[in-house]
Amino acid sequence: MSTLTWRNASHRTGHEKIDAKNKRIVSLYNQLQTISCEQNYDEIVMDVLGELVEYTDHLAIEEKILEENGYTKLDEHKRKHSAFLEELCSLCESYEDRHPQLLVKLTSLLEIWWEHHIIEDVVKNKHFIATTTH
Numbered sequence: 001m002s003t004l005t006w007r008n009a010s011h012r013t014g015h016e017k018i019d020a021k022n023k024r025i026v027s028l029y030n031q032l033q034t035i036s037c038e039q040n041y042d043e044i045v046m047d048v049l050g051e052l053v054e055y056t057d058h059l060a061i062e063e064k065i066l067e068e069n070g071y072t073k074l075d076e077h078k079r080k081h082s083a084f085l086e087e088l089c090s091l092c093e094s095y096e097d098r099h100p101q102l103l104v105k106l107t108s109l110l111e112i113w114w115e116h117h118i119i120e121d122v123v124k125n126k127h128f129i130a131t132t133t134h
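Right, here's the structure in full:
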């Protein structure tokens, strides 16, 4: 069982709200890594899904900031956000159906999102984000 670690030096974008949301992804991922069937599995998974739905609110803000700062790969960035939202909706439906692989899929979604979106896109292009105050 691996966990994620937030490192200010390498993970900060310089935008307080975006950094707070990204830190929360780390926390949610780690929470899922420690869950077991003996605990309040349903309650924890439902809480994580709910927080992820709330998390998606900041994606529009992130897109606006990137657009205002002339981010050249904005369309690709938006497509990644849309794909994340679609997968999250699918996982919410899986929760309602009590899909047995939900925890694995949810953990995988967060891990991929962390590595391929937050680290490779957001942090790598933080110079398009840090200069704004939204």
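The UniProt record's numbering applies: residue 1 is where the sequence shown begins, and numbers increase by one. Note that CB positions come from ideal geometry on N, CA and C, so glycine has one too.
ask   = In three-state DSSP terms, what is ALA130?
value = Residue state, collapsed to three classes: coil.
Own chain partners of residue 215 with C-beta closer than 8 Å, once the 5 adjacent residues on each side are dropped = With the chain covering only 1 through 134, there is no way to say anything about residue 215.
task = Please go through the same chain and pick out, in chain order, the residues whose beta-carbon is closer than 7 Å to the beta-carbon of ILE118, but skip the five residues on each side of it.
result = Hits under 7 Å: ASN22, ILE25.
request  = For my contact list, LEU110 and VAL45 are in at a C-beta cut-off of 8 Å; report their separation, rounded to the angstrom.
outcome  = Actually they are not in contact, since the Cβ atoms of LEU110 and VAL45 sit about 12 Å apart, beyond 8 Å.
CB contact flag (HIS81, LEU59, <7 Å) = HIS81 places its beta carbon less than 7 Å from that of LEU59.
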